[in-house]
Every structure is written in structure tokens, then in C-alpha cells.
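Q:
2 protein chains.
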Amino acid sequence: MTKIKSLRVHDVRFPTAAAGDGSDAINRGDYSATYVELFTDGGPTGTGFTFTNGRGNEITCAAVEALAHHVVGRTPAEVRPRDLTADVQLRWLGPEKGVIHMAAGAILNAVWDLRAKLAGKPMWQFLAEMPTADLVACVDFRHIDDALTPGDAAAILDKGRVGLEDRLAQLRREGFPSYTTSVGWLGYPDDKVRALTRAAYAQGWRAMKMKVGGPIDDDVRRARIIRDEIGPDALLMMDANQVWGVDEAIANMARLAEMNPYWIEEPTHPDDVLGHARVQRAVAPIRVATGEVAANRVIFKQLLQAGAIRVMQIDACRVAGIPEVLAELLLAAKFGVPVCPHAGGVGLCELVQHLAIFDFLRVGTSLDGRMVEYVDHLHEHFEDPVRTRDGRYLVPEQPGYSSALKPASIAEFRFPDGPAWS
Amino acid sequence: MTKIKSLRVHDVRFPTAAAGDGSDAINRGDYSATYVELFTDGGPTGTGFTFTNGRGNEITCAAVEALAHHVVGRTPAEVRPRDLTADVQLRWLGPEKGVIHMAAGAILNAVWDLRAKLAGKPMWQFLAEMPTADLVACVDFRHIDDALTPGDAAAILDKGRVGLEDRLAQLRREGFPSYTTSVGWLGYPDDKVRALTRAAYAQGWRAMKMKVGGPIDDDVRRARIIRDEIGPDALLMMDANQVWGVDEAIANMARLAEMNPYWIEEPTHPDDVLGHARVQRAVAPIRVATGEVAANRVIFKQLLQAGAIRVMQIDACRVAGIPEVLAELLLAAKFGVPVCPHAGGVGLCELVQHLAIFDFLRVGTSLDGRMVEYVDHLHEHFEDPVRTRDGRYLVPEQPGYSSALKPASIAEFRFPDGPAWS
Chain Z
1 MTKIKSLRVH DVRFPTAAAG DGSDAINRGD YSATYVELFT DGGPTGTGFT
51 FTNGRGNEIT CAAVEALAHH VVGRTPAEVR PRDLTADVQL RWLGPEKGVI
101 HMAAGAILNA VWDLRAKLAG KPMWQFLAEM PTADLVACVD FRHIDDALTP
151 GDAAAILDKG RVGLEDRLAQ LRREGFPSYT TSVGWLGYPD DKVRALTRAA
201 YAQGWRAMKM KVGGPIDDDV RRARIIRDEI GPDALLMMDA NQVWGVDEAI
251 ANMARLAEMN PYWIEEPTHP DDVLGHARVQ RAVAPIRVAT GEVAANRVIF
301 KQLLQAGAIR VMQIDACRVA GIPEVLAELL LAAKFGVPVC PHAGGVGLCE
351 LVQHLAIFDF LRVGTSLDGR MVEYVDHLHE HFEDPVRTRD GRYLVPEQPG
401 YSSALKPASI AEFRFPDGPA WS
Chain X
1 MTKIKSLRVH DVRFPTAAAG DGSDAINRGD YSATYVELFT DGGPTGTGFT
51 FTNGRGNEIT CAAVEALAHH VVGRTPAEVR PRDLTADVQL RWLGPEKGVI
101 HMAAGAILNA VWDLRAKLAG KPMWQFLAEM PTADLVACVD FRHIDDALTP
151 GDAAAILDKG RVGLEDRLAQ LRREGFPSYT TSVGWLGYPD DKVRALTRAA
201 YAQGWRAMKM KVGGPIDDDV RRARIIRDEI GPDALLMMDA NQVWGVDEAI
251 ANMARLAEMN PYWIEEPTHP DDVLGHARVQ RAVAPIRVAT GEVAANRVIF
301 KQLLQAGAIR VMQIDACRVA GIPEVLAELL LAAKFGVPVC PHAGGVGLCE
351 LVQHLAIFDF LRVGTSLDGR MVEYVDHLHE HFEDPVRTRD GRYLVPEQPG
401 YSSALKPASI AEFRFPDGPA WS
């Protein structure tokens with residue numbers, strides 16, 4: 001029985017703000033990781049993280065320290081996620097949202113990485129081969145059982161066993177569909193957008209996402225450039241990063257509809273379930289997509305109940321790790337909404353490929369409307385980086401969650417004492 | 001022009017957990033304050049805080065440090081709340097929720113305390129006498145303007161001028177209605193509940209709140225004790241502190257309805273707008289009340305749009321200070337829902353009395369269904385503590401937000417180095 005002997009957290013920051021990479025209507029920062037290592041006696045080291053945007057990464061690190069006693073001294077299987085998410089003192093700082101929840105996610109991601117490594121399997125396989133009862137036991141059904149019961153979850157997961165081997169063979173042949181966000185950050189001038197779009201199309205991408213939420217005339221002009229480059233058949237997604245009000249989102253999408261967007265992502269405030277529902281009704285058949293900053297499974301439950309989204313974008317780091325993501329995948333399957341994970345940042349591509357593959361193998365069981373975001377940043381810092389071919393993710397094969405940073409990268413980019421910052 | 005020269009934050013914790021005070025279905029902690037002082041050159045010191053539940057208070061303190069640069073070097077009037085709530089790097093940690101938002105609240109409460117002190121007025125008066133245009137300019141309408149426009153806000157505030165002097169005279173004669181929560185914490189045995197209820201009734205209280213959310217048979221038994229003591233006419237409120245699922249809340253309230261509760265508070269997860277709406281439809285005419293952990297004005301907007309609450313419980317410390325509370329009071333007035341502020345903890349009674357009085361004078365303009373929570377804890381640590389008479393708050397008259405802790409209390413209870421903790 002391998003016990004978690006100690007926890008160490010690193011404040012790792014990459015200086016991305018200066019380049020305009022990752023700039024959108026509302027965020028601009030230095031992509032950072034609150035990076036957790038769980039040490040064992042002689043066993044593997046579990047690694048996990050939550051992604052942040054630079055300043056404030058020290059706050060999530062402090063929150064990790066405050067939660068560490070819930071895992072140190074236990075075996076991975078003994079860790080109870082609710083100890084972290086419903087701590088009688090710390091939950092006041094959420095509950096189940098923001099800093100404290102992201103810190104729980106960093107820790108629980110590391111715990112599940114350790115479990116997968118101990119099993120000698122990549123995360124997608126570790127989850128896909130887990131007995132239904134064990135998967136159901138991972139899920140905290142409190143506050144979602146009006147939409148998803150343990151019985152519902154078991155039925156979905158049992159059904160997911162049928163044809164699993166065929167789906168895996170298909171993935172190994174073809175890879176997992178993805179789209180690229182690297183062409184249209186708000187910080188890029190028009191000619192750079194055109195050049196990047198042309199290059200991405202040449203590389204095989206047939207789905208691309210642009211940022212909107214600047215002055216609407218600029219958004220329209222940039223959207224025309226991209227649509228002009230990719231032709232009528234490739235998919236163009238738009239992402240407003242929450243900047244619009246509800247009425248404003250509806251009005252702006254009426255103008256952008258000319259470029260036939262596949263989805264509008266984060267049209268308004270992420271907490272506004274009713275607002276998203278209004279936008280979805282107004283902009284259909286354009287899909288509303290959201291989720292990268294949805295605080296927890298209770299928000300996703302409502303987005304689904306209200307018919308507010310037609311694409312659900314889970315995040316690997318904002319919620320309480322694998323167990324809560326599992327709840328979210330099951331909710332999406334129950335409501336028949338496709339999951340297209342949010343990626344980019346630091347290491348999000350590395351993590352969500354496992355979630356998307358598991359979803360296809362055992363939960364959603366379809367590739368229809370499924371795509372994983374792909375952003376070509378910072379992969380070189382990971383021990384087991386994503387691999388893509390012709391705009392598709394290849395199946396990762398190393399044990400664990402692909403979450404380990406290279407020691408040299410940690411040393412170089414540790415804040416504030418790493419050479420990159422001093 | 002008084003400039004904010006520097007900011008200091010104190011981690012102050014009171015060891016309340018051991019006594020069972022403040023114990024409910026989901027929280028038990030050491031009542032704490034992330035306490036902010038804003039120093040000026042020769043002018044008064046602004047004080048503000050956010051309330052936490054013990055462990056983790058160091059995290060909100062770290063978040064205050066990360067936001068401090070948005071106020072230091074500015075005059076109070078130059079502080080722009082959105083600089084704190086939409087910081088391009090820090091907002092990723094929310095947005096507008098949890099640790100980072102509570103820290104913004106602590107700072108902005110201190111900024112507004114400083115403004116009121118510079119004007120030489122208690123906060124309620126400073127706000128009540130402010131020109132409509134200035135009040136409207138304080139509000140961030142982004143993401144709520146589908147429910148409340150600047151024009152709506154101005155109309156409410158202009159109308160609130162009519163009869164203001166009469167309402168103030170009434171308050172000075174009679175005080176502001178309140179209710180007590182000190183009789184029925186979950187940590188108390190039955191005989192203590194009975195004795196406290198009897199004592200409170202003898203002191204003049206005609207509205208009392210008990211905690212529910214334990215085993216339902218225990219909740220029913222304790223409710224019978226209290227109803228038995230207070231007779232059929234006094235108000236009995238119940239507070240489940242978020243512990244129930246939606247269906248569970250409906251089922252349990254069917255049993256507790258026998259004791260004729262006035263409201264059920266926090267019946268389920270605070271993010272669950274649709275869940276609260278279902279509960280409200282099922283338990284009517286019992287009122288659903290919530291808000292002490294509603295993350296921001298966008299959650300309140302939806303609770304009102306969905307008809308999910310009939311009592312709105314604002315909190316002075318969870319959201320981004322006076323400006324966001326102002327938005328919430330205006331939303332409640334627009335939808336015609338009475339505001340009954342959450343209090344207790346550390347210093348929440350001291351703060352919310354100002355908000356309730358301002359609401360009566362200038363926004364809601366009625367006492368119908370309005371009550372401020374009262375908990376008799378920790379007032380002795382404040383320079384300008386609340387004063388009550390016959391279950392009513394008396395109008396505070398000192399300049400500022402009544403938010404200043406006594407220096408001796410800060411020194412005694414500072415964590416971890418104060419004598420109370422070492």
C-alpha cells in the first residue's frame with residue numbers, strides 16, 4: 001500500500017504576456033501552473049496542477065498548502081475528495097469555486113496521476129478499464145442528484161463497455177479530432193491572423209477558433225479574413241471570453257452570423273445560466289459553448305437543464321480533479337450534449353486528451369461534434385507532451401496523466417527565484 | 001485630496017469552534033477577519049474586512065496583497081472597483097467569486113469606510129445623501145444590464161428621496177427590526193435550545209432562526225421545541241446551510257412545514273439558481289431565502305429573474321464591497337423582493353446595519369418583511385459596536401462603516417503570533 005509521504009507545491013510561471021499569445025477580450029497574462037508533487041516511499045511521484053494566468057499563482061499555491069493535510073499520510077485510494085471540497089473551515093472561501101476549488105483540483109489531479117502510474121496505465125486507460133461501481137463511487141452526487149443519479153451513471157458506464165475495443169482501435173488509427181486556437185488572438189494584427197490561418201489550413205486544420213469581444217467592427221473584419229482563408233466548409237468558432245452582456249451578445253452575434261460560426265464560446269458571464277439560455281435561443285442554429293471557467297458540476301448541471309449550451313467545454317484544472325470531471329462527463333452524456341474540452345494554457349492539452357479519449361471510450365461513445373482544443377504553446381516543458389498529426393491528437397501511451405513538467409523547466413521558470421524571472 | 005499611502009492586512013482569528021457557536025450543517029470554524037487598514041497622510045485610516053471561517057484566512061490575506069496596488073497611491077474617489085474585479089491576470093482565479101472576490105470586498109469596504117470618514121458621516125448617511133448620478137456611477141452594470149439598466153437604477157434612487165426624512169425619523173424612534181440566530185445552532189443540545197429560546201423571547205425577540213440539516217427527525221424535534229416556546233405568532237426561520245439536494249429539500253420541508261416556518265434559508269447549493277426556483281415553487285407559501293454565499297450580483301440577478309427567492313440575503317463581505325452591494329440592493333428593489341442581510345460572524349452586524357438602513361431610506365423604502373440578522377458574538381472587539389433595544393438595531397452615528405477593530409483585539413487575536421493562539 002503506497003502512502004503519500006509528503007506534498008510539495010511549485011509556483012511556475014512562463015512569461016507569455018509580452019508576446020500577445022493568449023490575449024483575449026478579458027484576460028492577458030503569464031501562463032502559470034500551481035504545480036503539485038506527491039512523494040511516496042519508493043513508489044512513483046504523483047504530479048498535478050491547476051492553471052493560472054500569472055499574478056495570483058502564489059494564492060492558489062497557498063490554498064494547496066492549506067488543503068495538503070487531507071492527502072498526506074494516506075494511500076491514493078484513501079483520499080476522499082469531499083474532505084477537500086467540503087472542509088468545514090475552508091469551504092467558506094468557495095464553496096466549490098475559485099481559488100480553493102482550483103487548489104483542490106491541483107491536488108486531486110496529482111492523486112489520480114499517482115493512481116494511474118501505480119496501475120501502470122495512461123489515465124484514459126486507467127479510467128476506461130475501471131469497474132462501473134468504482135467509477136460511480138468516485139462521483140459526489142450531492143447537489144446534482146436531481147439531474148443525475150448513481151443509477152443513471154451506472155447505466156451510462158455499463159453501456160459504454162459495448163464496442164469499447166472498436167472505438168479504441170479507431171482512435172489508434174485516426175487520432176482524436178481537434179481544432180486550433182492559435183490563429184486569432186486579439187493581440188494579433190490582421191496580417192498575422194491571415195498568415196497564421198493560411199498556415200494552419202495548409203497543415204491540415206479544418207476547424208479554427210478566433211477571439212471576439214473587441215470593437216464589433218474589428219471582430220467582423222477579422223472573422224471575414226479567416227472565413228475568406230478557410231473557405232465555406234471548414235469550421236470557424238468564435239470566443240468572446242465573457243465580455244458581453246446578454247443583450248449585447250445577441251446583437252453582436254446577429255452581425256457575426258454572416259461568417260457562419262460553428263459556435264459562440266463564453267458569450268457572457270460564466271455564472272449566468274439564464275443568460276446563456278437566452279443567448280442560445282436567440283442565436284440558434286449557432287451553438288453556445290461554455291465551461292472553461294464554469295465553477296463546478298452544479299453550474300454545468302444547470303446549463304444542461306436549461307438547454308443553455310449545445311457544446312460543453314470541460315476544464316481539467318478548474319474543478320476538483322478527475323472525480324468532478326467524471327461527474328461532468330456523465331451529466332453531458334445524460335443530456336446528450338457533446339463535450340469539447342478546453343485546452344491551451346500550460347499543459348491543458350496534455351491533460352484533456354485523456355479526458356476526451358475516456359469520454360469517447362466509455363461515456364459519450366461518439367465523435368460526433370467532439371473536438372479537443374489545441375494550442376501550440378509550452379508543450380516542450382512536459383515530460384510526455386501531446387503529439388498531433390493532421391490536426392488530430394494521437395493516443396498517449398505513457399502511464400499517468402501526462403502532467404509532469406521537466407525538472408529543468410521547473411527550475412528555470414519557478415517564481416520569483418528562477419533564472420527566467422530574476 | 002487625501003491619498004491612500006499604504007495598505008496593511010491582518011490575519012485575525014477568534015477561537016470560536018470549540019464552543020459550538022456558529023455550528024451548522026456544513027460549517028464549523030474559528031470566526032476570522034481578513035482585516036485591511038488603509039493609511040493616509042494625516043487623514044483618517046480606512047478599515048474594512050472580509051469574514052472567513054478560520055483556516056484559509058491566510059489565503060484571503062495573500063489575495064489582498066495581490067490586489068493592493070490597485071488602491072495604493074490613489075485617492076479614494078480614484079479607486080475603480082473594476083480594476084480589482086477584472087484584473088487581467090487575477091480574474092482567472094474567480095472570476096468575481098471566492099477568495100479573490102472576497103479580498104476585493106475587504107479592500108473596497110475599507111476604501112468606502114475612508115470615504116465616509118472623510119465626509120464625517122456614518123456609511124448609511126454618506127450613501128443616503130449621495131446624488132443619484134454618483135450612486136449610479138458606482139455600479140458595474142456589466143452582466144446585469146439585461147435586468148437593471150442605469151436608467152432603472154436612477155429612477156429607483158430618485159424615487160427614494162421622497163419621504164426619506166420621515167423614514168429616518170421613524171428609524172431613530174423605533175430602530176431597525178431584527179431577528180436572532182443565537183438560539184438554535186446545531187451544536188447545542190435540546191435543553192440549551194429551549195433555555196436560549198425562552199430567554200430570547202423574554203428579551204423581546206419575536207423572530208428567531210434555527211439551524212436544520214441534521215437528521216430530519218432531530219430537526220423536527222428541535223423545531224417543535226422552539227415553536228412550543230415562542231407560540232404561534234412569533235416568526236420561526238430555518239437555515240439548512242446548503243446541505244440538502246433539491247429533492248431532499250422539498251421532502252424535508254414537507255415535514256418541517258408543520259412548525260409554520262417563515263422562511264427556509266440556503267435549502268441547497270448556493271450556485272443552484274434553478275434548484276432554488278424548484279424549491280420555491282414546491283414550498284410556497286414558505287419563503288426561500290438565500291445570499292450569504294451568493295458569489296456576486298450575477299447570481300442574485302438570476303435568483304430574482306427565476307423567481308427563486310422571496311427573501312434576498314445580501315452579505316457585506318463576500319462581494320466586491322459597497323459598490324456591488326449597491327447593485328444588489330437595486331436589483332432587489334427592481335424585482336420587489338425584500339432584503340434581509342446576513343449577519344453574525346465577525347463584525348457582519350456592524351456592517352450590514354448601515355446597508356439595511358440605507359436600503360430603507362433610499363432604495364427599498366419599506367420595512368415590510370425586512371429584518372437584519374442578529375448574533376450576539378464578538379461585538380466587544382469593535383470600536384463602534386452595534387447597539388440593540390427590544391430586538392431592534394439602533395441607528396449608528398459615528399463616521400464610517402463601524403468596521404474598526406480595537407487595536408488590543410487585533411494584537412490579542414492575530415494569527416499565528418497573537419497571545420490567544422500561542
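So the sequences go chain by chain: Z and X.
The first sequence: position 167 = 167 (the working numbering), numbered continuously.
The second sequence: position 329 = 329 (the working numbering), numbered continuously.
Note that CB positions come from ideal geometry on N, CA and C, so glycine has one too.
(1) Less than 8 angstroms between C-beta atoms, sequence neighbours within five positions excluded: which residues of the same chain meet that for residue 325 of chain Z?
(2) Tell whether a beta-carbon distance below 9 angstroms holds between residue 357 of chain X and residue 171 of chain X.
(3) May I ask you to report which of helix, strand or coil DSSP gives residue 419 of chain X?
(4) Give a yes or no on whether the minimum CB-CB distance between residue 90 of chain X and chain Z is below 9 angstroms.
(5) Evaluate residue 231 of chain Z with the Cβ neighbour count: other Cβ atoms within 10 Å of its Cβ, from every protein chain shown; 16 or more gives buried, anything less gives exposed.
(6) Take residue 8 of chain X and list the residues in its own chain whose beta-carbon comes closer than 6 angstroms to its own, dropping the five residues that flank it on each side.
(7) So with CB distances below 7 angstroms, who are the chain Z contacts of residue 293 of chain X?
(8) Scan the region 267-290 of chain Z for residues whose Cβ lies nearer than 9 angstroms to a Cβ of chain X and list them as they occur along the chain.
(9) Go ahead and pull the three-state DSSP assignment for residue 8 of chain X.
(10) Over what stretch of residues does the alpha helix (DSSP H) that includes residue 31 of chain X continue unbroken?
(11) Skipping 5 residues on each side, what residues in its chain have a beta carbon closer than 6 angstroms to that of residue 428 of chain X?
(12) Using 9 angstroms as the threshold, is the C-beta distance between residue 302 of chain Z and residue 120 of chain X below it?
(13) Need the endpoints of the alpha helix (DSSP H) that residue 301 of chain X sits in, please.
(14) Helix, strand or coil for residue 244 of chain X, going by three-state DSSP, please let me know.
(15) Could you tell me whether the Cβ of residue 71 of chain Z comes closer than 9 angstroms to any Cβ of chain X?
(16) Report buried or exposed for residue 403 of chain X, applying the criterion of at least 16 other Cβ atoms within 10 angstroms of its Cβ.
(17) Comparing C-alpha positions only, which one of Z/353, Z/309 and Z/297 sits nearest to residue 331 of chain Z?
(18) If I'm right that residue 164 of chain Z touches residue 362 of chain Z with Cβ under 8 angstroms, what's the distance once you round it to whole angstroms?
(19) Enumerate in chain order the residues of its own chain whose CB-to-CB distance from residue 414 of chain Z is below 7 angstroms, with the five nearest sequence positions on each side excluded.
(20) With distances taken from CA atoms, which of X/350, X/52 and X/382 is nearest residue 394 of chain X?
(21) Return the CA-CA distance between residue 158 of chain Z and residue 146 of chain Z, expressed in angstroms with no decimal places.
(22) Starting from residue 296 of chain X, find everything on chain Z with Cβ-Cβ shorter than 8 angstroms and list it in chain order.
(23) Can you tell me whether DSSP reads residue 117 of chain Z as helix, strand or coil?
(24) Could you give the C-beta distance for residue 179 of chain X and residue 208 of chain X, rounded to a whole number, given that I count them as a contact under 8 angstroms?
(25) Alpha carbon to alpha carbon, how far is residue 81 of chain Z from residue 115 of chain Z? Give it in angstroms, no decimals.
(26) Counting only Cβ-Cβ distances shorter than 9 angstroms, please list the residues of the region 242-261 of chain Z near chain X, keeping chain order.
(27) Does the distance from the CB of residue 282 of chain Z to the CB of residue 308 of chain Z come in under 9 angstroms?
(28) Using the Cα positions of residue 73 of chain X and residue 122 of chain X, report the straight-line distance between them to the nearest angstrom.
(29) Which chain X residues are close to residue 58 of chain Z, counting only those with a beta carbon under 7 angstroms from its beta carbon?
(30) What separation, rounded to the nearest whole angstrom, lies between the Cα atoms of residue 130 of chain X and residue 139 of chain X?
(31) Just by C-beta distance, which residues in the region 299-324 of chain X are closer than 7 angstroms to chain Z?
(32) With H, G and I counted as helix, E and B as strand and the rest as coil, what does DSSP make of residue 231 of chain X?
(33) In the DSSP assignment, find the beta strand (DSSP E) that holds residue 184 of chain X and state where it starts and stops.
(34) By the criterion of Cβ-Cβ separation under 8 angstroms, what are the contact partners of residue 28 of chain X in chain Z?
(35) Mapping DSSP to helix, strand and coil, what is residue 92 of chain X?
(36) Could you tell me which of Z/242, Z/203, Z/235 and Z/234 sits nearest to residue 213 of chain Z, measuring between CA atoms?
A: In terms of the structure at hand:
(1) 314, 316, 319 and 355
(2) yes
(3) coil
(4) yes
(5) exposed
(6) 37
(7) 95
(8) 268, 269, 270, 271, 272, 273, 274, 275 and 278
(9) strand
(10) Segment: none, residue 31 of chain X is in no alpha helix (DSSP H) and carries neither H nor E.
(11) The shown model of chain X, from 1 to 422, leaves out residue 428 of chain X, and the question about it has no answer.
(12) no
(13) 297-305
(14) coil
(15) no
(16) buried
(17) Z/297
(18) 6 angstroms
(19) 10, 11 and 12
(20) X/350
(21) 21 angstroms
(22) 271
(23) helix
(24) 6 angstroms
(25) 14 angstroms
(26) 242, 243, 244, 245, 246, 247 and 248
(27) no
(28) 25 angstroms
(29) 62
(30) 13 angstroms
(31) 299, 302, 305 and 306
(32) coil
(33) 176-184
(34) 88 and 89
(35) helix
(36) Z/242
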